[in-house]
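Participant: Numbering (our numbering), first residue to last: 960 to 1251.
We put the CB at the ideal spot given by N, CA and C, even for glycine.
Remember, predicted model here, so these are calculated numbers, not experimental data.
This is the structure, below, for whatever I ask next.
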Ligand code: ADP
């Protein structure tokens, strides 16, 4: 059986563990498309053994490389990828909700696909955990905890920008874990008056506010500047957590979930269950569902 795996969209810690577990079961039958759909379109397909080994299994930075490949949405490039995908008995696609659309289209075009959620954003529908989420949260919590002592020493307040694209999962979980004073998850919660009051209340109590802001809502420097104007003081600082969220050492939960996703994927391959999404339910049990 010839198996193709690829990582697509934003890469996520834990993807290597998933790849390793697939490789461990099927060894030289496993190939990868370099940088996801990009390699699938260009025919850059190689044995997985060339990039994976046991030592890399617990590291971040997906060994197969990943990319965004907007061209893949267009028929000409999609069909080029389709031709290459058809050379395999099964194509396993690791990515977020965008990659899922690509996986579904390949399935509808006759390819045996299996989609697995691999994205720090936790944005896959019906899925309560995607590979990368817990590590991304851990890194953001670490940044907040290591920034606040200095913020506090100056009686400042701090806005922390976390990743998540259009999804607020990371923001909400980080806010919960650091016991944040306020969180901005969407345009509605970008409430300057509320933020000002939270900051002022803390300031008067000789303390410092920590506010978690999801990316892609507004420019964090501009938010801080506006708040400083409203407060009449220059006390609101900013910290962008950024790519450390993708590059952190995978947590135990990450490795355990990646292994569980892989085990179920192996079962699907062995029993020839294709055209499915391997997801995690609300109790983080692995389930298999059809594409929507
Ligand atoms: P993620 O998978 O992390 O959500 P993106 O939304 O950027 O990341 O999607 C990753 C890739 O999935 C895109 O660059 C594109 O190659 C592919 N993709 C997204 N939507 C479609 C679609 N409608 N048809 C085919 N491929 C798609």
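Is it the case that the Cβ atoms of residue 1082 and residue 1056 are separated by a distance below 8 angstroms?
Facilitator: For residue 1082 and residue 1056, yes; Cβs fall inside 8 angstroms.
Participant: Nearest to residue 980 by CA position, among 1163, 1217, 1027, is which residue?
Facilitator: Considering only alpha carbons, the answer is 1217.
Participant: Evaluate residue 915 with the Cβ neighbour count: other Cβ atoms within 10 Å of its Cβ, from every protein chain shown; 16 or more gives buried, anything less gives exposed.
Facilitator: Residue 915 lies beyond the stretch modelled for the chain, which goes from 960 to 1251, so this question has no answer here.
Participant: Looking at residue 1027 and ligand 1, is the gap between the Cβ and the nearest heavy atom below 7 angstroms?
Facilitator: Checking every heavy atom of ligand 1 against the Cβ of residue 1027, one is found closer than 7 angstroms.
Participant: Check residue 1004 in the structure and name its three-state DSSP category.
Facilitator: Here residue 1004 sits in strand by DSSP.
Participant: Decide if residue 1180 is buried, meaning its Cβ has at least 16 other Cβ atoms within 10 Å, or exposed.
Facilitator: When all chains shown are included, residue 1180 counts as exposed.
Participant: Cα separation between residue 1244 and residue 1105?
Facilitator: Roughly 33 angstroms separates the two Cα atoms.
Participant: Apart from the five residues on each side of it in sequence, which residues of its chain come closer than 6 angstroms, Cβ to Cβ, to residue 1109?
Facilitator: Excluding positions up to five away in sequence, the list is empty.
Participant: Considering only their Cβ atoms, is the gap separating residue 1002 from residue 975 smaller than 8 angstroms?
Facilitator: For residue 975 and residue 1002, no; Cβs fall outside 8 angstroms.
Participant: Excluding five sequence neighbours on each side, which residues of the same chain lie with their C-beta closer than 8 angstroms to the C-beta of residue 1010?
Facilitator: If we look at residue 1010 and ignore the five residues flanking it on each side, its Cβ neighbours are 991, 1022, 1023.
Participant: Mapping DSSP to helix, strand and coil, what is residue 1054?
Facilitator: Correct three-state label for residue 1054: strand.
Participant: Once DSSP output is grouped into helix, strand and coil, what is the label at residue 1182?
Facilitator: Residue 1182: helix per DSSP, three-state reduction.
Participant: In the DSSP output, what is residue 965 paired with across the bridge?
Facilitator: Looking at the DSSP assignment, residue 965 forms a beta bridge with 1052.
Participant: So, residue 1176 versus residue 1142, is the Cβ gap smaller than 8 angstroms?
Facilitator: Going by C-beta atoms, residue 1176 is not nearer than 8 angstroms to residue 1142.
Participant: Could you name the residues that DSSP lists as bridge partners for residue 1075?
Facilitator: Per DSSP, 1053.
Participant: For the 8 angstroms Cβ check, are there 3 or more pairs between the segment 1021-1041 and the segment 1184-1192?
Facilitator: Too few Cβ pairs lie closer than 8 angstroms, so no.
Participant: Apart from the five residues on each side of it in sequence, which residues of its chain come closer than 6 angstroms, Cβ to Cβ, to residue 1080?
Facilitator: Answer for residue 1080: 1055, 1123, 1124, 1126, listed in chain order.
Participant: With DSSP run on the structure shown, which of helix, strand or coil describes residue 1200?
Facilitator: It is coil, neither helix nor strand.
Participant: Beta strand (DSSP E) containing residue 1248: first to last residue?
Facilitator: Its beta strand (DSSP E) spans residues 1245-1249.
Participant: List, from N- to C-terminal side, the beta strand (DSSP E) runs of 3 residues or more that fit wholly inside the segment 1108-1177.
Facilitator: As far as the segment 1108-1177 is concerned, its whole beta strand (DSSP E) runs of at least 3 residues are 1116-1121, 1141-1143, 1169-1173.
Participant: Using only alpha-carbon positions, find the residue among 1067, 1178, 988, 1214 that is nearest to residue 1146.
Facilitator: Per the Cα distances, 1178.
Participant: With respect to 7 angstroms, is the separation between the Cβ of residue 1043 and the closest non-hydrogen atom of ligand 1 below this value?
Facilitator: False, no ligand heavy atom lies under 7 angstroms from that Cβ.
Participant: Quick test of your reading: residue 1235 and residue 1247, contact by CB under 8 angstroms. State the CB separation rounded to the nearest angstrom.
Facilitator: Yes, residue 1235 and residue 1247 are in contact; Cβ-Cβ is about 5 angstroms, under 8 angstroms.
Participant: Using only alpha-carbon positions, find the residue among 1240, 1050, 960 that is nearest to residue 996.
Facilitator: Nearest of 1240, 1050, 960 to residue 996, Cα basis: 1050.
Participant: Nearest to residue 1008 by CA position, among 1169, 1133, 988, 1239, is which residue?
Facilitator: Measuring from the Cα of residue 1008, the nearest candidate turns out to be 988.
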